[in-house]
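Counting from 1, one number per residue, gives the positions in the sequence shown under the working numbering. Cβ atoms here follow ideal geometry from the backbone N, Cα and C, with glycine treated the same way.
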Amino acid sequence: MNNYYPEGALFMSPDNQNSIKSIFALQEAMAQEKILEARVTMCDSGHNLHVELPCANCSGIIYHEEGALGIADGSTKDIALITRVNKPVCFKVKQLLKNDSGSYTAVLSRREVQEECMESFISRLSPGDIIPAKVTHLEQFGAFVDIGCGIPSLIPIDAISISRISHPSDRFRAGQDIHVVIKDVSGGRVWLSHKELLGTWEENAARFNYGETVSGVIRSVEDYGIFVELAPNLAGLAEPKEGVSIGQNASVYIKALIPEKMKVKLIIVDVFSGADIHRPPEYFITEGRMSYWKYSPDSSAKLIESRF
Numbered sequence: 001m002n003n004y005y006p007e008g009a010l011f012m013s014p015d016n017q018n019s020i021k022s023i024f025a026l027q028e029a030m031a032q033e034k035i036l037e038a039r040v041t042m043c044d045s046g047h048n049l050h051v052e053l054p055c056a057n058c059s060g061i062i063y064h065e066e067g068a069l070g071i072a073d074g075s076t077k078d079i080a081l082i083t084r085v086n087k088p089v090c091f092k093v094k095q096l097l098k099n100d101s102g103s104y105t106a107v108l109s110r111r112e113v114q115e116e117c118m119e120s121f122i123s124r125l126s127p128g129d130i131i132p133a134k135v136t137h138l139e140q141f142g143a144f145v146d147i148g149c150g151i152p153s154l155i156p157i158d159a160i161s162i163s164r165i166s167h168p169s170d171r172f173r174a175g176q177d178i179h180v181v182i183k184d185v186s187g188g189r190v191w192l193s194h195k196e197l198l199g200t201w202e203e204n205a206a207r208f209n210y211g212e213t214v215s216g217v218i219r220s221v222e223d224y225g226i227f228v229e230l231a232p233n234l235a236g237l238a239e240p241k242e243g244v245s246i247g248q249n250a251s252v253y254i255k256a257l258i259p260e261k262m263k264v265k266l267i268i269v270d271v272f273s274g275a276d277i278h279r280p281p282e283y284f285i286t287e288g289r290m291s292y293w294k295y296s297p298d299s300s301a302k303l304i305e306s307r308f
């Protein structure tokens, strides 16, 4: 039975490497309709993908319309193929053609893998399901991710974290492995969220104590104060300070933690600019299914929640 992971997850596995190392192994994989992965070396002028196979005297090709689901009807643009160059792609072996020189050409299909993934995995997802994903590219409005076999979906910027960010690059990098939660599946599309996996106010606040000086990132500078992110789902307010700008790193003194108001009072000790300190998300949950999530403490009058 095939598993449906974001592209790249299978590439270096011993099973995958063994399945692409010889003509015999490729024949066996073709008979089993096995999902394999290999690196794209070129997208030619006809938008055919040339795939690097480690077996001797064998090259791989994914013809244009087999490059992705939706290429044939135009709903997927050719840029989706061009951007796969130098990256692993998934495929099934459809034919092994012996050339006059005695070498082989493996005719491959990525589209067929994506169709199977849609039918056997993505169409069966339900709101609240938590799945792995891989960040593919970032736009001002959100992060595009691969949710299985190169099939894309979007995390809107306001669903990435509770702490507000100016751009998804404040939180993610292209190629990063993350987890997401399904918000909705309908009409062949999947809507995603991410913030619910990063913990509630109380779960995040429990990592900090009054009197500590900790690191943070300046996220917003207002007339009445400066918002400093301590964690993706926890920010505090510091008093105004000259010479502070969005995106700077900061060291802050924790003056108070107030659950009933969901507030963290801070004093900025120092700020500095320099290399971006990018930390992978620290998840409180990475598998299973959630039907309801409440960020707010029970003592808070303000309610922040998600229902699935």
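Q.
If you measure between the beta carbons of K34 and S13, is that distance less than 9 Å?
A. Indexing the sequence shown from 1 puts residue 34 at position 34. Indexing the sequence shown from 1 puts residue 13 at position 13. No; because the gap between Cβ atoms is not below 9 Å, this pair is not in contact.
Q.
Extract the residue ranges of the beta strand (DSSP E) inside the segment 10-92, only unbroken runs of 3 or more that lie entirely within it.
A. 36-43, 49-52 and 58-62
Q: Name the residue from I218, A174 and P280 whose alpha carbon lies nearest to the alpha carbon of H137.
A: Here the question's residue 137 lines up with position 137 in the sequence shown. Per the Cα distances, A174.
Q: Starting from N249, trace the beta strand (DSSP E) both ways and give me its first and last residue.
A: Taking the sequence shown and counting its residues from 1, the one referred to as residue 249 is at position 249. Note, N249: beta strand (DSSP E), N249 to I258.
Q) How about C58 and L96: do their beta carbons lie closer than 9 Å? A) The residue labelled residue 58 in the question sits at position 58 within the sequence shown. The residue labelled residue 96 in the question sits at position 96 within the sequence shown. Closer than 9 Å, so yes.
Q: With DSSP as the reference, please indicate the residues paired to L266 in a beta bridge.
A: The sequence position of residue 266 within the sequence shown is 266, counting from 1. A238 and I254.
Q) Out of R207, A235, A56 and Y292, which has the shortest C-alpha to C-alpha gap to P127? A) For this step, residue 127 is matched to residue 127 along the sequence shown. It is Y292.
Q | Proximity of G247 and L266 at Cβ, strictly below 9 Å | A | Locating residue 247 in the sequence shown gives position 247, where the first residue counts as 1. Locating residue 266 in the sequence shown gives position 266, where the first residue counts as 1. Cβ distance not < 9 Å, so G247 and L266 don't count as in contact.
Q: Drop a sphere of 10 angstroms on the beta-carbon of L197, count the other beta-carbons inside from all chains shown, and report buried for 16 or more, exposed for fewer.
A: The residue you call residue 197 lines up with position 197 of the sequence shown. L197 is buried by the Cβ-count criterion.
Q: Return helix, strand or coil for S126, following the three-state DSSP convention.
A: Working through the sequence shown from its first residue, we reach residue 126 at position 126. In this structure, S126 counts as coil in the three-state DSSP scheme.
Q. Which runs of the beta strand (DSSP E) fall wholly inside the segment 170-239 and span at least 3 residues, in chain order?
A. 177-186, 189-193, 213-222, 225-231 and 234-238
Q: Look up R111 in the DSSP assignment and say whether it is helix, strand or coil.
A: Counting from 1 along the sequence shown, the entry for residue 111 is found at position 111. Helix at R111.
Q. Starting from V145 and walking both ways along the beta strand (DSSP E), at which residues does that stretch end?
A. To locate residue 145, count along the sequence shown from 1; it is residue 145. Start and end: G142 to D146.
Q.
Check whether the segment 201-214 and the segment 226-236 touch, using three or more Cβ-Cβ pairs below 8 Å as the test.
A. The segment 201-214 makes contact with the segment 226-236, as at least three CB pairs between them are under 8 Å.
(Q) Quick test of the definition: if touching needs 3 or more C-beta pairs under 8 Å, does the segment 271-288 touch the segment 183-193? (A) no
Q. Does the segment 99-113 come within contact of the segment 66-74, defined as at least 3 CB pairs closer than 8 Å?
A. Inter-segment contact for the segment 99-113 and the segment 66-74 is present: three or more beta-carbon pairs are separated by less than 8 Å.
Q.
On the criterion of 16 or more Cβ atoms from any shown chain inside 10 Å, does S166 qualify as buried, or is it exposed?
A. As a first step, residue 166 must be located in the sequence shown, where it is residue number 166. Label assigned to S166: exposed.
**Q.** Three-state secondary structure (DSSP) of S299
**A.** The residue you call residue 299 lines up with position 299 of the sequence shown. Coil.
Q. Which of helix, strand or coil does DSSP assign to P6?
A. Translated into the one-based positions of the sequence shown, residue 6 becomes position 6. DSSP places P6 in coil when its eight states are reduced to three.
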